[in-house]
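S.K.: Residue numbers (the numbering used here): -1 to 142.
Below you'll find the structure I mean.
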């Protein structure tokens, strides 16, 4: 458990998660998110400024939810946010599909599974560790 400072109200709170807001602010943000979501459903062609003004929510918070893929622009919308890597317009998230695929391929090429290095050159795959069973009848006379 660690102590953190809430990004919204600046109060100190205890957490065991990656939370950036205290429990009180988290509940308030979730209520605001539901309000924004309802507004967008009833006004699908609203701009981010219109949504912000109608719901009294900051544009930055709405953009955060878009990047977090909790909200997305409609496919017919002419506006969007920019891909953080190449700048092309996207409807949700942080990266466009092309940049996302390139990033995944780069990460896959960096992480290549290698066979474990054997420290003993005389290692035999068929060699196994054996244990002596002291309760075994065959070992009764063995005083080791």
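For glycine and all other residues, C-beta sits at the position ideal for the given N, C-alpha and C.
Can you tell me whether residue 71 is buried or exposed, with buried defined as 16 or more other CB within 10 angstroms of its CB?
M.R.: Looking at its Cβ environment, which holds 16 or more other Cβ atoms inside 10 Å, residue 71 is buried.
S.K.: For the ligand ADP, any of its heavy atoms closer than 7 Å to the Cβ of residue 39?
M.R.: Inclusion of the ligand ADP in the displayed structure is not the case, the ligand content being empty and no account of it being possible.
S.K.: Going by Cα to Cα distance, which pick from 26, 3 and 10 is closest to residue 55?
M.R.: Among 26, 3 and 10, the Cα nearest to that of residue 55 is on 26.
S.K.: Which of the three DSSP states is assigned to residue 82 in this structure?
M.R.: Coil at residue 82, not helix or strand.
S.K.: Could you tell me which residues DSSP pairs with residue 2 in its beta bridges?
M.R.: DSSP, once it has assigned bridges, lists 11 as partnering residue 2.
S.K.: How many Å lie between residue 11 and residue 1 at the Cα?
M.R.: Using only the alpha carbons, I get a separation of about 6 Å.
S.K.: Considering just the uninterrupted stretch of the alpha helix (DSSP H) at residue 50, what are its terminal residues?
M.R.: Element bounds for residue 50: 46 to 53.
S.K.: Around the C-beta of residue 18, are 16 or more other C-beta atoms found within 10 angstroms, so that it is buried, or is it exposed?
M.R.: Exposed is the call here.
S.K.: Determine the direct distance from the alpha carbon of residue 5 to that of residue 15, and round the result to whole angstroms.
M.R.: Approximately 15 Å between the Cα atoms of the pair.
S.K.: Among the candidates 88, 99, 36 and 31, whose CA atom is the shortest distance from the CA of residue 57?
M.R.: For the residues 88, 99, 36 and 31, the minimum Cα distance to residue 57 belongs to 31.
S.K.: Classify residue 142 as buried or exposed, calling it buried when 16 or more other Cβ atoms lie within 10 Å of its own Cβ.
M.R.: Summary for residue 142: the model assigns pLDDT 49, below 50, so the residue's position carries little reliability, and this model does not support an answer.
S.K.: With H, G and I counted as helix, E and B as strand and the rest as coil, what does DSSP make of residue 24?
M.R.: Three-state result, residue 24: helix.
S.K.: Please state if the CB of residue 53 and the CB of residue 34 are separated by a distance shorter than 8 Å.
M.R.: Against a cut-off of 8 Å, the Cβ pair of residue 53 and residue 34 comes out as a contact.
S.K.: Below 8 Å between beta carbons: does that hold for residue 78 and residue 61?
M.R.: In this structure, residue 61 does not lie closer than 8 Å to residue 78 by Cβ.
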